[in-house]
Amino acid sequence: MRKFVTLVTAALILAGSYLIAFGVPASLGPVAGVVGESGDQTNTPARAAQGGRPAGAPKGANATTVVLTPLEMQPYEDILRAIGSAKALRSADVVANASGEVTEINLAANRQVSAGDVLVQLDARTEVFNLEIAQTELDQTRDIIQRYEQLQATGNSTVTDVTLSEARVAQRLAEAKVGLAQSALDDRTIRAPIAGKLSLSDLEIGDILTAGSTIVTIDDSEALLVEFELPERSIGLLAKDQTVLASTPTFTGHVFEGEIVSFDSRIDSVTRSVTVKARIENPDALLWPGMTFAVRMIHEGDPLAVLPATAISWSRSGSGVWIADGGVAKRVPATILFRRNGRVWIDADIATGTLVVSEGAQKLRAGSRITAKNAPVEAPAMVPHQATPEIGQAEPEQPTESEEPT
Numbered sequence: 001m002r003k004f005v006t007l008v009t010a011a012l013i014l015a016g017s018y019l020i021a022f023g024v025p026a027s028l029g030p031v032a033g034v035v036g037e038s039g040d041q042t043n044t045p046a047r048a049a050q051g052g053r054p055a056g057a058p059k060g061a062n063a064t065t066v067v068l069t070p071l072e073m074q075p076y077e078d079i080l081r082a083i084g085s086a087k088a089l090r091s092a093d094v095v096a097n098a099s100g101e102v103t104e105i106n107l108a109a110n111r112q113v114s115a116g117d118v119l120v121q122l123d124a125r126t127e128v129f130n131l132e133i134a135q136t137e138l139d140q141t142r143d144i145i146q147r148y149e150q151l152q153a154t155g156n157s158t159v160t161d162v163t164l165s166e167a168r169v170a171q172r173l174a175e176a177k178v179g180l181a182q183s184a185l186d187d188r189t190i191r192a193p194i195a196g197k198l199s200l201s202d203l204e205i206g207d208i209l210t211a212g213s214t215i216v217t218i219d220d221s222e223a224l225l226v227e228f229e230l231p232e233r234s235i236g237l238l239a240k241d242q243t244v245l246a247s248t249p250t251f252t253g254h255v256f257e258g259e260i261v262s263f264d265s266r267i268d269s270v271t272r273s274v275t276v277k278a279r280i281e282n283p284d285a286l287l288w289p290g291m292t293f294a295v296r297m298i299h300e301g302d303p304l305a306v307l308p309a310t311a312i313s314w315s316r317s318g319s320g321v322w323i324a325d326g327g328v329a330k331r332v333p334a335t336i337l338f339r340r341n342g343r344v345w346i347d348a349d350i351a352t353g354t355l356v357v358s359e360g361a362q363k364l365r366a367g368s369r370i371t372a373k374n375a376p377v378e379a380p381a382m383v384p385h386q387a388t389p390e391i392g393q394a395e396p397e398q399p400t401e402s403e404e405p406t
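For the sequence shown, position 75 (counting from the first letter as 1) is numbered 75 according to the UniProt record's numbering, and the numbering increases by one without interruption.
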């Protein structure tokens, strides 16, 4: 018996808590009403107004609260990133064309030289002698030809045309020998082929050079060529003179601007990438060949519809967004083109400025009434204070939703 009383008491407590929290259900209104003197049942102040909405509740209380964001049009910046290595705009290895002993050097490392400057001098005594011999032979043949021509002019028959022709052939041979001797002598002087900066060299005076030996390297670094690889998808974005941005750990925070000067005509079959070269001007000689660069190539496309990524919803038919159409939710299919930093660029049949649900889309169904979270809410209607009727008295009649209190 005690157990039964406990259960009944608990049930009464739960029922009372429910009535306090939610009021009397509409279906029990006639039962819960107060009977007046005439015997008619009347509503208590806690009764719901017409339509089940509590008296004084704001209109649209049944609408789903969402966050609305206007649709914007912005271009998407497609950023391609790569790591590249720098080379000098022009670079040349200085190679010995002849063998011999080094008698003079001008190879100070990092020295700026001009094209034609003497870098190394080899022992040239033999070549000087050979040139003198060849020059003497040439002078001799010229004298012979001059004498023959004078004799012919005086009518001397001892000098025939054949003799004069042979002398002229000998002159041409002598001239060729002079040229060979001069070339051999020039090879003893090693000059800078291009203007630029000298690299390190271990050559010393007295060393014996052999023909074909590399003496030093000259780098023309007034501009650098940065070579890097871009993925296959970048082919449609590549163009000569396109701007690239490069940065190097050597100069943190400094961004160098360059432009594409060339790129390969085929895709590497292993890496599936294309080789690209960009030129970066280097007037202050801050950048050195061999530096590593982080390269960015930015391509700005046409303006596209952009929204917060939270605006995208998914269904069996694919991705889409919810828009506010006269306070009612309407779903529009949308294709995601790009995604970055919590935003998506989409292809959808939506006009610019249309209000799109950016938060709360998961609660919506087609035709759902919606209200913006930051929209002004209609203040609850003021209900005049009335004294609680005594038992057996009728409650003053409440105006319906379509009537205004007088």
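Ideal placement from N, C-alpha and C gives every residue a C-beta, glycine not left out.
Remember, it's a predicted structure, so these values are computed and weren't measured experimentally.
Name the DSSP beta bridge partners of I218, please?
-> Answer by DSSP bridge pairing, in chain order: A92, L198.
Could you pull out every residue in the same chain whose Cβ sits closer than 7 Å to the Cβ of I336, ignoring the five residues on either side in sequence?
-> Contacts found: I312, S319, V344, I346.
Using CA coordinates, which residue listed in D123, Q112, L173 is at the minimum distance from residue 452?
-> The structure shown does not extend to residue 452, since the chain is modelled only from 1 to 406, so the question has no answer here.
How about V118 and I205: are their beta carbons less than 9 Å apart?
-> Inclusion of V118 and I205 in the CB contact set at 9 Å is not warranted, their separation being larger than that value.
Would you grab the beta carbon distance between A82 and F228 for me? Rounded to a whole angstrom, and I think it's under 8 Å.
-> Contact between A82 and F228 holds, since their C-beta atoms are separated by about 4 Å, short of 8 Å.
Does the Cβ-Cβ distance between I350 and V332 come in under 9 Å?
-> I350 places its beta carbon less than 9 Å from that of V332.
M73, buried or exposed, once every other Cβ within 10 Å from all chains shown has been counted against 16 | So M73 counts as exposed.
Run the CB neighbour count on N156, radius 10 Å, all protein chains shown included, and call it buried at 16 or more, exposed below.
-> The C-beta of N156 has fewer than 16 other C-beta atoms within 10 Å across all chains shown, which makes the residue exposed.
Does any CB atom of chain C fall closer than 9 Å to the CB of S234?
-> Checking the listed chains, one finds no chain C in this structure; it contains a single protein chain.
Can you give the beta carbon distance from T6 to K363, rounded, assuming they're within the 8 Å contact cut?
-> With a Cβ gap of about 42 Å, T6 and K363 do not count as contacting.
First and last residue of the alpha helix (DSSP H) that includes T275?
-> Bounds of any alpha helix (DSSP H) do not take in T275; it lies within the beta strand (DSSP E) bounded by 273-281.
Cβ atoms of Q135 and A181: under 9 Å apart, would you say?
-> In this structure, A181 places its C-beta atom within 9 Å of the C-beta atom of Q135.
May I ask you to report which of helix, strand or coil DSSP gives T335?
-> Looking at T335 - three-state DSSP - the assignment turns out to be strand.
Within 10 angstroms of the Cβ of T371, are there 16 or more other Cβ atoms? Answer buried if so, exposed if not.
-> Taking all protein chains in view, the Cβ of T371 is crowded by 16 or more other Cβ atoms within 10 Å, so the residue is classified as buried.
From the DSSP output, in three-state form, read off T126 for me.
-> Secondary structure at T126: helix, using DSSP grouped into helix, strand and coil.
Inside the region 155-206 only - alpha helix (DSSP H) runs reaching at least 4 residues | Those alpha helix (DSSP H) runs which fall completely within the region 155-206 and span 4+ residues are 161-186.
Among G367, A348, H299, V357, which has the Cα closest to the Cα of P75?
-> Distances from the alpha-carbon of P75 to those of G367, A348, H299, V357 put H299 closest.
Distance between F4 and A11 (C-alpha atoms, nearest Å) = Each residue's Cα considered, the two are about 11 Å apart.
In the structure shown, what three-state DSSP assignment does V8 receive?
-> The three-state secondary structure of V8, taken from DSSP, is helix.
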